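See below for the structure under consideration.
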Amino acid sequence: DKLLPILKLGNNVDDILTNPKLGVLRHYIAKYNKKYPGAPAATTVETLAKKYGEADVAKVLEVGKKSDTTRALATELQLEQFTVWLNQKLSPADVYKRLKLNNRETSPFGTYVFEAWVGYLNKFNDKRLREKTPITFVLKELKAVYGERALASLLYQAKNMPDPMKTAESLQSKLYAQWRLKKVPEDKYFFIQVLKVTSSKATEMDKKIRNDYLDFLKANK
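According to the UniProt record's numbering, the residues represented by the sequence shown are 1 to 221, in order.
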């Protein structure tokens with residue numbers, strides 16, 4: 001931390017992967033860890049996160065993986081970030097909140113931070129040898145963050161928002177498929193069984209979700 005003011009990395013995190021001073025920081029951290037093997041190991045990503053924030057660092061690393069120039073470094077540092085979270089025993093839901101994806105005023109789907117979170121999901125999944133398809137695992141963790149009702153609302157609203165990978169559409173289809181498999185009621189009891197709200201207190205959004213689900217059933221007979 002003491003080195004950051006000296007290095008003057010700047011306030012623009014978007015340029016950090018091409019900043020020559022990042023190499024100096026990594027060299028210093030390696031020397032520090034070698035000199036103090038008994039102390040908690042310092043990491044580049046934690047040091048950067050203290051200055052720029054975890055979400056911004058996660059975004060830059062995900063973006064950096066798309067460029068031939070920065071891919072190797074970004075991939076290495078992203079793995080370091082994932083390893084830090086695993087060592088801290090953070091669940092995917094914990095990391096989702098740490099990255100403030102649940103606090104966004106717009107849809108998180110299709111953003112680089114969300115894609116970084118999915119990358120952590122894959123790493124978390126491999127470490128625990130869970131046998132789940134990626135979309136099912138993503139949906140499970142999103143339910144842990146939002147709950148069924150709020151997630152259904154988020155996915156419904158996200159359908160008309162920018163989402164190049166159509167993540168929200170895929171998640172919604174999987175959610176509706178799960179409901180169909182459970183044979184949830186299609187009448188007014190849908191609200192209490194699925195959304196945990198009585199039909200008399202169902203909001204307009206709740207009703208839109210039910211109608212959307214019924215349309216899904218008709219289209220997938």
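For glycine and all other residues, C-beta sits at the position ideal for the given N, C-alpha and C.
Keep in mind the model is a prediction, meaning the values are calculated, not measured.
Candidates K31, N160, L48: closest to D14 by CA position: Selected option, being the one with the closest Cα: L48.
Check whether K159 and E169 have beta carbons under 8 Å apart: yes
Test: E186 CB closer than 8 Å to a CB of chain C: Here chain C cannot be found, since the structure has a single protein chain.
Three-state class that DSSP yields for Q178 in the structure shown: helix
G64 burial status per 10 Å Cβ neighbour count (16 or more: buried): buried
Segment contact, 8 Å Cβ cut-off, at least three pairs: the segment 137-144 with the segment 91-106: yes
Selection from E186, V194, A30 that minimises the alpha carbon distance to K218: That would be E186, whose Cα lies nearest to the Cα of K218.
Given K140 as reference, the closest of L121, S199, K8, G23 once Cα atoms are compared: L121
Of the listed residues L101, Q178, L79, L7, nearest to I135 (C-alpha basis): Q178
K196 to K188 span [Cα, whole Å]: 12 Å
Pairwise C-alpha distance: D163 and S173: 15 Å
Buried/exposed call for T111, threshold 16 Cβ in 10 Å: buried
Outcome for P108 when other beta-carbon atoms lying within 10 angstroms are tallied against a minimum of 16: P108 is buried by the Cβ-count criterion.
Limits of the unbroken alpha helix (DSSP H) element including L86: Residues 71-87.
Where the alpha helix (DSSP H) through K207 begins and ends: 204-219
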